[in-house]
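Plus 1124 on top of the position in the sequence shown (first one is 1) and you've got our numbering. We put the CB at the ideal spot given by N, CA and C, even for glycine. Okay, so here's the structure we're looking at.
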Amino acid sequence: MEEIKFTEETIEDFLQEKIKSGNKPETIAEYRRILQKFQKELLPEDVLRENTLQQWKNTMQQEGKLAVRTINRRLAVVNQYLHFMGERNWQVSCMPLGDTEQTALQRGEYIRLLQAAKQQKKEQLYFIIKSICTLGLHIWELPQMTVDFVKTGSGIFSGNGQERKVVIPRSFQRELVDYCKRSNMEHGAIFRSQRGTNIHRITINAAMKQLCQMADVAPEKVNPRCLLRLYEQTQKQLQDNVSMLLLQYYDKLLEAEEMMTGWETYEDPISVEDKSASGQ
């Protein structure tokens, strides 16, 4: 298709679909404002062509008047419209947020995303989100999530000239095995488009954004990069906790050895130091 209609009627059809999906009135009003602005600025003939959205993105970026979050919000809305019209291949990627604009996704928000995906019966999206945040996967690693890998529970993932071992936690493995059985998947990648091809990052991003309203999570927090960052933060916290436990265990081990072999002591050096600091 070389062009699609972009009229008040098609906009209203799209918004009615969003209302049926449970979007709040204020969200519908925002979508309408963005789509009407897009139509006024770039679509005098009420038709949308393949490169029009990319042109709008370039223009907003070059003008430098809008925050990256604002530009991404506008792009996300038009991307959803294109999905509604059956032209997902015309969607464009959002702009990366700078370090000062990037907002961390909290674990409670991640749980709400999973709950929203479950409530909307978006099973594939549920498992994509959980795979990124549980296994630390990049989007380009998703095709390596195969039925055999799920059944085995571990494997070597390769890409960008590197290899790493990925191990599925037992509880998540049970979920994935059941998912494969329900979907009648016996071999190959478990995450595929309806055409049987690898799922594009833009499609995954758009699907995640649709969960934000129901999950009550800011859209700028919901993308594969933020999910991966949450995984990394969680792993760091776990490693810090393990390190602390190891230090405590080592300290107790040394105390036990000292009781058997050490010289007799009469003062706790830490207590003495504390008393000196307090002037006692």
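Look at S1295 here: in three-state DSSP terms it is helix. Pairing N1147 with C1336, the inter-Cα distance amounts to about 10 Å. The Cβ atoms of I1328 and I1280 lie no closer than 8 Å to each other.
In this model, S1317 and I1323 are separated by some 5 Å (Cα to Cα). Burial check for A1228: the Cβ neighbour count within 10 Å stays below 16, so the residue is exposed. DSSP places V1171 inside the beta strand (DSSP E), whose first and last residues are 1171 to 1173. G1277 sits close to I1292, with the two beta carbons spaced by under 8 Å.
DSSP places K1345 in the helix class (H, G or I) of the three-state scheme. The segment 1155 to 1174 makes contact with the segment 1190 to 1207, as at least three CB pairs between them are under 8 Å.
Its Cα nearest to that of E1126, the residue N1213 stands out among N1213, S1217, D1364, Y1374. Of the other Cβ atoms in all chains shown, 16 or more fall within 10 Å of the Cβ of M1269; this residue is therefore buried.
Pairing L1166 with Q1179 gives a Cβ-Cβ distance under 8 Å. One thing to note: E1211 has its Cβ no nearer than 8 Å to the Cβ of I1314. For E1187, the uninterrupted alpha helix (DSSP H) run begins and ends at 1176 to 1187, by DSSP. Judged by beta-carbon spacing, Q1248 lies beyond the 8 Å limit of M1338, meaning their Cβ atoms are not closer than that value. In the same chain as I1143, and ignoring 5 residues on each side of it, the C-beta atoms closer than 7 Å to its own belong to I1152, in chain order. The C-beta distance from I1195 to Q1186 rounds to 11 Å, too long to fall under 8 Å, and the pair is not in contact.
Bounds of any alpha helix (DSSP H) do not take in F1281; it lies within the beta strand (DSSP E) bounded by 1278 to 1283. The residue from R1294, R1353, R1198 with its alpha-carbon nearest to that of K1333 is R1198.
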